[in-house]
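**Q**
Protein chains: 2
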Amino acid sequence: MSLEHALLGLLSERPASGYDLLKLFDTSLANVWHATQSQVYSALIRLSDTGMIEIVAEGPRGRKTYALTADGLTELRQWLTASSPRDEVRNNILLRAFFLDVVDSDQARAYFADVIQMSNEGQREPEEPSEDYEEVCPDYRSMVLEYDRRLTAMRRDWAEWAGTQIK
Amino acid sequence: MSLEHALLGLLSERPASGYDLLKLFDTSLANVWHATQSQVYSALIRLSDTGMIEIVAEGPRGRKTYALTADGLTELRQWLTASSPRDEVRNNILLRAFFLDVVDSDQARAYFADVIQMSNEGQREPEEPSEDYEEVCPDYRSMVLEYDRRLTAMRRDWAEWAGTQIK
DNA sequence: GTAAACATGTAACAGGTTACATGATTGT
DNA sequence: ACAATCATGTAACCTGTTACATGTTTAC
Numbered sequence: 001m002s003l004e005h006a007l008l009g010l011l012s013e014r015p016a017s018g019y020d021l022l023k024l025f026d027t028s029l030a031n032v033w034h035a036t037q038s039q040v041y042s043a044l045i046r047l048s049d050t051g052m053i054e055i056v057a058e059g060p061r062g063r064k065t066y067a068l069t070a071d072g073l074t075e076l077r078q079w080l081t082a083s084s085p086r087d088e089v090r091n092n093i094l095l096r097a098f099f100l101d102v103v104d105s106d107q108a109r110a111y112f113a114d115v116i117q118m119s120n121e122g123q124r125e126p127e128e129p130s131e132d133y134e135e136v137c138p139d140y141r142s143m144v145l146e147y148d149r150r151l152t153a154m155r156r157d158w159a160e161w162a163g164t165q166i167k
Numbered sequence: 168m169s170l171e172h173a174l175l176g177l178l179s180e181r182p183a184s185g186y187d188l189l190k191l192f193d194t195s196l197a198n199v200w201h202a203t204q205s206q207v208y209s210a211l212i213r214l215s216d217t218g219m220i221e222i223v224a225e226g227p228r229g230r231k232t233y234a235l236t237a238d239g240l241t242e243l244r245q246w247l248t249a250s251s252p253r254d255e256v257r258n259n260i261l262l263r264a265f266f267l268d269v270v271d272s273d274q275a276r277a278y279f280a281d282v283i284q285m286s287n288e289g290q291r292e293p294e295e296p297s298e299d300y301e302e303v304c305p306d307y308r309s310m311v312l313e314y315d316r317r318l319t320a321m322r323r324d325w326a327e328w329a330g331t332q333i334k
């Protein structure tokens with residue numbers, strides 16, 4: 001249940017509403033984990049029902065601010081340490097590349113060009129840590145950004161190499 | 168519907184049964200796309216119902232050999248060329264790394280050690296192309312293997328670097 | 001006043017996982 | 001005879017997507 005753990009993780013930093021959390025998925029976690037609006041709101045209700053989080057404030061327009069509970073923090077720590085992560089392989093880009101021999105060389109080359117373009121565009125500006133963000137000594141957020149930079153570069157180089165291999 | 172397209176792709180190479188296809192997901196596509204037994208068999212029925220594939224032979228133990236139809240090949244080509252692939256971000260490894268500040272430094276270091284170990288283990292032997300495999304000029308299969316090698320190396324280097332950043 | 005942003009909720013459907021269920025064939 | 005492998009099918013459940021539905025507040 002990674003989506004729920006992602007929510008617990010985000011709330012471990014500070015309390016937030018569903019709306020806030022949704023924005024965090026599109027910014028901080030944009031290259032890490034995806035979630036839809038529908039998913040976030042229903043997960044918050046579930047997490048609230050099981051006591052992992054609680055409503056700590058209500059604001060205008062029905063806004064509900066949630067905070068992590070002690071149980072929620074325990075669960076988050078458990079998830080982070082309990083088992084080794086496994087790489088869930090479902091790579092759309094590679095899947096297509098795998099079957100490129102059913103199209104002609106020009107179309108295959110065009111495909112790798114698309115991958116290169118995607119890699120060049122996809123590079124987001126590293127966000128400055130916000131003022132109210134308390135700097136923790138080992139900066140795991142920037143380690144994730146660094147992974148992203150390396151992945152993007154790797155993918156671009158690979159697609160360039162692959163493009164030249166055709167014919 | 169990438170799962171169904173993966174099946175069309177595999178069948179474009181040669182006819183196969185559900186059982187055969189399942190093994191291909193665990194070998195050729197092990198680092199590309201994951202599928203369960205349950206999924207494969209029901210997808211084959213759907214694809215057969217919509218005329219993308221057809222039963223070309225029946226063997227012992229109820230074995231059914233499926234082959235791609237002309238419509239199926241058209242659909243496969245369509246999928247490969249129609250739209251740019253988008254990177255679907257759901258990276259379990261990164262998600263955990265992102266929240267490592269809720270555990271202590273030793274546990275965080277252990278996490279990166281796990282990632283390194285996983286990367287070292289995960290490296291599968293590149294399979295020799297089988298005898299009856301007709302060599303196509305640009306070898307897209309080996310391009311996918313190359314991507315994998317680069318990804319594994321990148322991830323190992325990143326985890327090593329990240330581990331040293333702690334404290 | 002009105003558009004943009006804020007803010008939530010739910011229903012229908014598609015895709016994926018786990019577990020159960022069954023049986024035939026091959027090799028030793 | 002027995003185990004391993006071959007071979008398929010289905011039901012319950014969980015996760016994720018798309019679309020609909022509603023209303024408030026802020027800024028211009």
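From first to last, the protein sequence lines are chains A and B. For the first sequence, the tail end lands on 167 under my numbering, and the numbers increase by one without skipping. For the second sequence, the tail end lands on 334 under my numbering, and the numbers increase by one without skipping. Every residue, glycine too, gets a C-beta built ideally from N, C-alpha and C. The structure presented is a predicted model; accordingly, all values stated were derived computationally and were not measured.
For B:E255, return the contacting residues in chain A, with the cut-off set at a CB-CB distance below 8 angstroms.
**A** In chain order: H34, R90 and N92.
**Q** Please report the residue range of the alpha helix (DSSP H) in which B:E255 lies.
**A** No alpha helix (DSSP H) holds B:E255; DSSP gives it neither H nor E.
**Q** Using a threshold of 8 angstroms, state whether the C-beta atoms of A:L80 and B:F265 are closer than that.
**A** No; because the gap between Cβ atoms is not below 8 angstroms, this pair is not in contact.
**Q** From A:R14 to A:L44, what does the alpha carbon distance come to, in whole angstroms?
**A** Straight-line Cα distance between these residues: approximately 15 angstroms.
**Q** When burial is assigned at 16 or more other CB atoms within 10 Å of the CB, is A:G9 buried or exposed?
**A** Classification of A:G9: buried, given that the 10 Å Cβ count is 16 or more.
**Q** At the 8 angstroms Cβ level, is B:T248 part of the contact set with chain A, yes or no?
**A** Yes, contact with chain A.
**Q** Would you list the residues sitting across from A:I45 in a DSSP beta bridge?
**A** DSSP lists no partner for A:I45.
**Q** Answer yes or no: does any C-beta atom of chain B fall closer than 8 angstroms to that of A:Y147?
**A** Chain B contact via Cβ: present.
**Q** From this set, B:R253, B:S205, B:A280 and B:A197, which residue's C-alpha is nearest A:S84's C-alpha?
**A** Of the candidates B:R253, B:S205, B:A280 and B:A197, the one whose C-alpha sits nearest the C-alpha of A:S84 is B:A280.
**Q** Express the C-alpha separation of B:M219 and B:R213 in angstroms, rounding to a whole number.
**A** Whole-angstrom Cα-Cα distance: 9 angstroms.
**Q** Going straight from the alpha carbon of A:R149 to that of B:V223, what length do you get?
**A** Rounded to whole angstroms, A:R149 to B:V223 spans 48 angstroms at the Cα level.
**Q** Does any C-beta atom of chain B lie closer than 8 angstroms to the C-beta of A:F9?
**A** Looking at the sequence shown, residue 9 of chain A is not Phe but Gly. So yes, A:G9 belongs to the interface.
**Q** Would you check if the distance between the CB atom of B:I260 and the CB atom of A:P138 is smaller than 8 angstroms?
**A** Their beta carbons are not under 8 angstroms apart, which means B:I260 does not touch A:P138 by this criterion.
**Q** How would you label B:R230, buried or exposed, when you count the other beta carbons within 10 angstroms and need 16 or more for buried?
**A** By the neighbour-count rule (16 or more Cβ atoms within 10 Å), B:R230 is not buried but exposed.
**Q** Between B:S286 and B:T319, which are expected to be in contact by the criterion C-beta below 8 angstroms, what is the C-beta distance as a whole number of angstroms?
**A** The Cβ separation is near 5 angstroms, so the contact holds.
**Q** May I ask you to report which of helix, strand or coil DSSP gives A:L11?
**A** In this structure, A:L11 counts as helix in the three-state DSSP scheme.
**Q** What does B:I333 reach in chain A if we use C-beta pairs closer than 7 angstroms?
**A** The contacting residues are P138.
**Q** Would a check of beta-carbon distances place A:R156 closer than 8 angstroms to chain B?
**A** A:R156 does not count as touching chain B.
**Q** Roughly how many angstroms separate the alpha carbons of B:S215 and A:V89, rounded to a whole number?
**A** For B:S215 and A:V89, the distance between alpha carbons rounds to 26 angstroms.
**Q** Anything in chain B within Cβ reach of A:A162, meaning under 7 angstroms, just list it in chain order.
**A** Per Cβ cutoff of 7 angstroms: M310.
**Q** For B:N198, go through chain A and note every residue whose CB falls closer than 9 angstroms to its CB, in chain order.
**A** Residues of chain A passing the Cβ test: D87, V89, N91 and L94.
**Q** Under a three-way DSSP split, which group does A:V102 fall into?
**A** Of the three classes helix, strand and coil, the one that applies to A:V102 here is helix, per DSSP.
**Q** Anyone know if the C-beta pair for B:L170 and B:Q204 falls short of 8 angstroms?
**A** Contact flag unset, no.
**Q** Under 8 angstroms, Cβ to Cβ, is there at least one residue of chain A near B:R317?
**A** Cβ-Cβ to chain A under 8 angstroms: yes for B:R317.
**Q** Compute the Euclidean distance between the alpha carbons of B:L178 and B:N258, then round it to the nearest angstrom.
**A** Distance between the alpha carbons of B:L178 and B:N258 is about 29 angstroms.
**Q** So which residues on chain B does A:W77 lean against when the C-beta distance must stay under 9 angstroms?
**A** Correcting the residue type first, residue 77 of chain A is Arg in the shown sequence and not Trp. The contacting residues are V269, V270 and Q274.
**Q** Cutting at 6 angstroms between CB atoms, please list the residues of its own chain near B:Q274, excluding the five before and the five after it.
**A** Nothing meets the Cβ criterion.
**Q** Tell me the rounded alpha-carbon separation between B:H172 and B:L243.
**A** Roughly 6 angstroms between the two C-alpha positions.
**Q** Grab the span of the alpha helix (DSSP H) containing B:V199 for me, first residue to last.
**A** That residue, B:V199, is in no alpha helix (DSSP H); it is neither H nor E in DSSP.
**Q** Please compile the residues from chain A whose C-beta is within a distance smaller than 8 angstroms of the C-beta of B:D281.
**A** Under the 8 angstroms cutoff, chain A gives S84 and P85.
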